[in-house]
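Asker:
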Amino acid sequence: MTKWLIGTGLSSAIGQALVTELGPTWRSLGLSRHLESSKFSDGWLRADLANPSDSWALELPKTLRERGIVHVSGVVHLAGVVFADQIEATTLDEWHRTLAVDLTAAFRLLQVLKPWLDHASSVVLVSSVDAWMQAREGPAAAYGAAKAGLIGLSRQLAAEWGPAGIRVNVVAPGALSTGMGPYPEVASGIADRTALRRLGAASEVARVMAFLLGEGSSYMTGAVLPVDGGLNLDY
Ligand SMILES: NC(=O)c1ccc[n+]([C@@H]2O[C@H](COP(=O)([O-])OP(=O)(O)OC[C@H]3O[C@@H](n4cnc5c(N)ncnc54)[C@H](OP(=O)(O)O)[C@@H]3O)[C@@H](O)[C@H]2O)c1
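Using the working numbering, you'd call the opening residue of the sequence shown number 134 and step up by one each time.
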């Protein structure tokens, strides 16, 4: 049986590395704002997760049925935005947008996909070290709150869906050299206080996500795995 991965954020470097890592036994359908079909060879659904009136959650079940997808083996929530500023400078709109993309979209995605999940399904939510630590470079209350919310969501769902055999785990990356990783002017400082003395690569997060999606982690659920080179030892 084809293993289907449904994911947000699959257009990111981590998402593209994940699809490569999973290999030809998996097919993937991505939710994305952009028409970049080269990044979604198996299929995609246009979705602006920041827009509360976007109808992606209604469209997704139709898309799955149209494509004859009867079972989903893997779900990842990798989409993210960050507003890094002091709380006084964070507008309510920035707060809502961050929570919408980083947290609420995961809740909606999993709610919609539940009928396609069974004992052979695994969910991976992508949090961040910012869920429990503030970078010395500056505060990011909305981002930290959203990323911490993903941990609460995953652990509640791991307990709720465990009896059905559905596994739910979290990876919490540290500072990466791609995407929303640190600006060049602060990157070397963060690398210096990372135990492994370097930033991480997208593929290093993707490999852990692929492990959590696969059989190798069949007895893991409710786990929160830092993938941060030891950054959380001295942030
Ligand atoms: N880079 C790091 O250092 C780091 C560290 C810790 C955690 N993370 C986490 O890793 C994940 C990927 O981040 P990245 O660094 O690779 O950043 P990125 O390259 O900016 O990727 C962000 C992803 O989020 C999606 N996205 C953003 N806003 C969206 C919206 N309104 N609707 C739909 N999708 C939206 C984008 O999809 P489309 O453009 O296709 O719509 C894109 O795939 C995020 O959850 C981030 O918090 C990254």
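Where a beta carbon is used, it is the ideal one built from N, C-alpha and C, also for glycine.
1. Among V152, G271, A146 and T141, which has the Cα closest to the Cα of G347?
2. For N302, does the three-state DSSP call read helix, strand or coil?
3. Hey, could you find the ends of the beta strand (DSSP E) G140 is sitting in?
4. Output the boundary residues of the beta strand (DSSP E) element that contains R241.
5. Please classify G307: does DSSP put it in a helix, a strand, or coil?
6. Check whether the region 220-231 and the region 202-212 touch, using three or more Cβ-Cβ pairs below 8 Å as the test.
7. Between which two residues does the beta strand (DSSP E) containing L358 stretch?
8. Just reading off the beta strand (DSSP E) that H167 is part of, what are its end residues?
9. Excluding sequence positions up to five away, which residues of its chain have a Cβ less than 7 Å from the Cβ of F240?
10. I'd like to confirm the pairing. Which residues does DSSP put opposite A268 in its beta bridges?
11. Using DSSP's beta-bridge definition, name the partner residues of L178.
12. Report yes or no: do three or more beta-carbon pairs, one from the region 354-366 and one from the region 290-297, lie closer than 8 Å?
13. Below 9 Å between beta carbons: does that hold for A238 and H210?
14. Below 9 Å between beta carbons: does that hold for I147 and A335?
15. Using the beta-carbon count (16 or more within 10 Å), is P296 buried or exposed?
16. Does the beta-carbon of S144 have 16 or more other beta-carbons within 10 angstroms, so that it is buried, or is it exposed?
17. I'd like the list of long-range same chain contacts for L246, defined as Cβ closer than 7 Å, with 5 residues on each side in sequence excluded.
Answerer: Per the coordinate set shown:
1. V152
2. strand
3. K136 to T141
4. That residue, R241, is in no beta strand (DSSP E); its alpha helix (DSSP H) goes A238 to L246.
5. coil
6. no
7. V357 to V360
8. Counting along the chain, H167 falls outside any beta strand (DSSP E), and DSSP gives it neither H nor E.
9. L286
10. G271
11. L164
12. yes
13. yes
14. yes
15. exposed
16. buried
17. I139, V205 and V208
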